[in-house]
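Peer 1: Taking our numbering, I'd label the letters of the sequence shown as residues 139 to 390.
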Amino acid sequence: MAVALSTLVEEADRYLGSAKIADYCPNGLQVEGRPQVMRIVSGVTASQALLDAAVEAQADLILVHHGYFWKGENPCITGMKQRRLKTLLKHDISLLAYHLPLDLHPDVGNNVQLARQLDITVEGPLDPDNLKIVGLVGSLAEPLSARDFARRVQEVLGREPLLIEGSEMIRRIGWCTGGGQGYIDQAIAAGVDLFLSGEASEQTFHSARENDISFIAAGHHATERYGVQALGDYLARRFALEHVFIDCPNPI
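1. Using 10 angstroms around the beta-carbon of GLU362, count the other beta-carbons present and answer buried if the total reaches 16, otherwise exposed.
2. Using DSSP's beta-bridge definition, name the partner residues of LEU314.
3. Per DSSP, which one or two residues make a beta bridge with VAL182?
4. Where do the ends of the alpha helix (DSSP H) carrying LEU115 lie?
5. Using CA atoms only, rank isn't needed, just tell me which of PRO299, GLY155, LEU143 and MET218 is closest to PRO244.
6. Hey, how far is the Cα of GLY370 from the Cα of ARG310?
7. For the alpha helix (DSSP H) containing HIS359, name the first residue and the last one.
8. Sort out for me which residues DSSP pairs LEU199 with in a bridge.
9. For ARG297 versus GLY357, is the C-beta spacing smaller than 9 Å?
10. Just how far apart, CA to CA, sit ALA355 and SER339?
11. Output needed for THR342: all residues of its chain with C-beta closer than 7 Å, excluding positions within five of it in sequence on either side, in chain order.
12. Determine whether the beta carbon atoms of ASP241 and CYS314 lie at a separation below 9 Å.
13. Quick one: measure Cβ to Cβ for SER232 and GLY171, integer angstroms, because I've assumed they're closer than 8 Å.
14. So, using beta-carbon positions, are VAL202 and LEU256 closer together than 9 Å?
15. Within 10 angstroms of its Cβ, does PHE287 collect 16 or more other Cβ (buried), or is it exposed?
16. Less than 9 Å separating the beta-carbons of LEU227 and VAL175?
17. Below 8 Å, how does it come out for the segment 218 to 225 and the segment 245 to 265: are there three or more Cβ pairs, yes or no?
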């Protein structure tokens with residue numbers, strides 16, 4: 139069964155509320171392919187590896203969290219960008235990308251989906267006074283040591299995280315997937331025992347250590363695998379389509 143590309147894009151835009159969210163890139167349809175969609179391939183980033191795998195899988199549409207056309211980048215279609223766009227246009231495949239709308243969504247969002255994976259109960263936004271900050275706070279059913287929680291993260295995400303260990307048991311957690319390490323100050327103000335993000339910066343260590351909280355960097359790619367899968371599943375159910383998530387591993 140097929141659905142019109144325009145119908146699918148309209149529903150994805152509506153579901154994520156993307157028109158209301160200011161972002162660093164265009165959200166929605168970034169490259170237009172064939173007018174009918176039967177098979178969706180989803181992935182974290184529209185890398186050449188994902189494009190090639192999607193071609194092999196005979197995808198009509200590729201759905202990603204990290205697409206193209208970021209603010210401040212060179213607009214010229216050369217090199218890597220030319221090869222990626224050539225692949226999409228040659229094979230008549232659409233590219234649908236959602237960045238912040240997919241971080242923020244209360245059901246299929248990256249942060250909510252990661253909480254479900256790690257058995258964290260969501261309690262609210264990381265900073266209730268600034269909803270542009272996309273992180274969340276929540277709690278564990280039972281306190282764990284930082285090392286035990288880090289082991290849970292490793293088991294779920296399939297990679298060893300970076301752990302900076304504080305002195306307290308872990309019950310209250312703040313987190314922001316991807317490159318959200320800069321929100322550690324908001325997490326400290328929220329009174330968390332541990333802050334988790336995808337990446338770490340040099341100063342993250344000092345903020346965690348001097349404020350005596352634990353910190354985990356679990357990988358930008360690894361923490362953002364779940365939202366795009368959930369969105370792909372939603373669209374597949376909504377329109378009776380095929381959906382395949384293809385993971386192109388990234389150690390960062």
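Each residue gets a CB set at the ideal place from its N, CA and C atoms; glycine is no exception.
Peer 2: In this structure, then:
1. buried
2. Correcting the residue identity first, residue 314 is Cys in this sequence and not Leu. Note: CYS314 sits in a beta bridge opposite SER335.
3. In DSSP, VAL182 forms no bridge with anything.
4. This structure does not reach residue 115, given that the chain is present from 139 up to 390, and the question cannot be answered.
5. GLY155
6. 30 Å
7. 358 to 361
8. ILE178 and SER232
9. yes
10. 10 Å
11. GLN319, ILE322 and PHE353
12. yes
13. 4 Å
14. no
15. buried
16. no
17. no
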